[in-house]
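A short worksheet on the structure shown next.
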Amino acid sequence: MDLVEIKKQARKDASAKRKQAFNADDGSAMPLLETLFFDAVQPAPQSVISGFLPIGSEVDLRALLGHWTANGGISALPCVVGNDQPLLFREWREGDVLIKESFGTVAPGEDAPEHDPDILLVPMLAFDRAGYRLGYGGGFYDRTLEKLRSKKQVLAVGVAYAAQEVDAVPRDHHDQPLDLIVTEREVIRS
Ligand SMILES: Nc1nc2c(c(=O)[nH]1)N(C=O)[C@@H](CNc1ccc(C(=O)N[C@@H](CCC(=O)O)C(=O)O)cc1)CN2
Ligand SMILES: Nc1ncnc2c1ncn2[C@@H]1O[C@H](COP(=O)(O)OP(=O)(O)OP(=O)(O)O)[C@@H](O)[C@H]1O
């Protein structure tokens, strides 16, 4: 099997596992993840934190991002510019109008200020303890982290249910490792 096939199978397995974890969650997972994140990272007040709005069984960061903006911080969401382009990030607070993009995601409109985030909360299907992640396969976060890391210091934080851990994510040369992974159970530093 080549890497593309291996990744495809891994995505299928990971997707099923994530759905299970999502369905088993009694509502306690996100508050636990949020507390672990803020305790571990202690973001400077001026930090821009990017998250994402959940699709399917992804972790739901809305409360975390809402608490950050309620405390005076800036939260941002990813915007897809093109299939082979890095993501852009635009400021967002609860209640702001969102526009539909391809891939079943929504994003802030062009009137929302653009930011290069200092801390990126990164969605994933699966992760391993070395800090590697499996996404949907668009390569969006790999491209985005490569670009941002060449410009400034950023902290890439993978967020997921603990059950999404695997022994080793199949690795490509362009895969950008995460600095930190936070689940409802623990913080993993790679
Ligand atoms: N919530 C969220 N927003 C995000 C991402 C993400 O992974 N999650 N992205 C990360 O790059 C970017 C959008 N890119 C995406 C690329 C592919 C798929 C995708 O393949 N979606 C599945 C449906 C998944 C589901 O419903 O569980 C599909 O279309 O089959 C989604 C987003 C930016 N915004
Ligand atoms: N830095 C990069 N420059 C050019 N192409 C890239 C880069 N990173 C990834 N790609 C391309 O993106 C595609 C998908 O990569 P990969 O399987 O690692 O995605 P993923 O990490 O699962 O997805 P995502 O980051 O969108 O959640 C591959 O075809 C790869 O060639």
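Following numbering that gives the first Met the number 0, the numbering of the sequence shown begins with 0 at its first residue and continues without gaps.
Note that CB positions come from ideal geometry on N, CA and C, so glycine has one too.
Meets three-Cβ-pair contact criterion under 8 Å: the segment 169 to 185 and the segment 29 to 45
yes
Suppose the cutoff is 6 Å on Cβ atoms and the five residues either side in sequence are ignored; what does the same chain contact list for Gly211 look like?
Residue 211 falls outside the range modelled here, since the chain spans only 0 to 189, and no answer is possible.
Along the chain, where does the alpha helix (DSSP H) containing Phe88 start, and where does it finish?
Note, Phe88: premise wrong, no alpha helix (DSSP H); beta strand (DSSP E) at Leu87 to Glu90.
Cβ neighbour criterion (16 or more within 10 Å) applied to Arg132:
buried
CB of Phe21 to nearest heavy atom of ligand 1: below 6 Å?
no
Please list the segments of the beta strand (DSSP E) lying wholly inside the segment 87 to 159, counting only runs of 3 or more residues, in order along the chain.
87 to 90, 97 to 99, 105 to 107, 118 to 121 and 154 to 158
Specify, as a first and last residue, the run of the alpha helix (DSSP H) that Pro30 falls within.
Ala28 to Val40
Closest by C-alpha distance to Lys16, when choosing among Ser74, Val58, Pro112 and Val96:
Val58
Beta-carbon proximity check, Gly157 vs Leu144, cutoff 7 Å:
no
Give the range of the beta strand (DSSP E) segment to which Ala75 is assigned.
Ile73 to Cys78
With which residues is Glu164 paired in a DSSP beta bridge?
Phe126
CA-to-CA distance, Val165 to Ser46, given in whole angstroms
31 Å
Suppose contacts are defined by Cβ-Cβ distances below 7 Å. Is Arg89 in contact with Ala111 by that definition?
yes
Candidates Gly136, Ser74 and Gln19: which alpha carbon is nearest His114's?
Ser74
Can you tell me whether Phe102 sits near ligand 1, meaning its C-beta is under 6 Å from at least one heavy atom of the ligand?
yes
Distance between Ala167 and Leu35 (C-alpha atoms, nearest Å):
23 Å
Can you tell me whether DSSP reads Ser46 as helix, strand or coil?
coil
List the DSSP bridge partners of Val58.
None; Val58 has no bridge partner.
Tell me the rounded alpha-carbon separation between Glu109 and Met0.
42 Å
Can you determine whether any heavy atom of ligand 1 sits closer than 6 Å to the C-beta of Val181, and answer yes or no?
no
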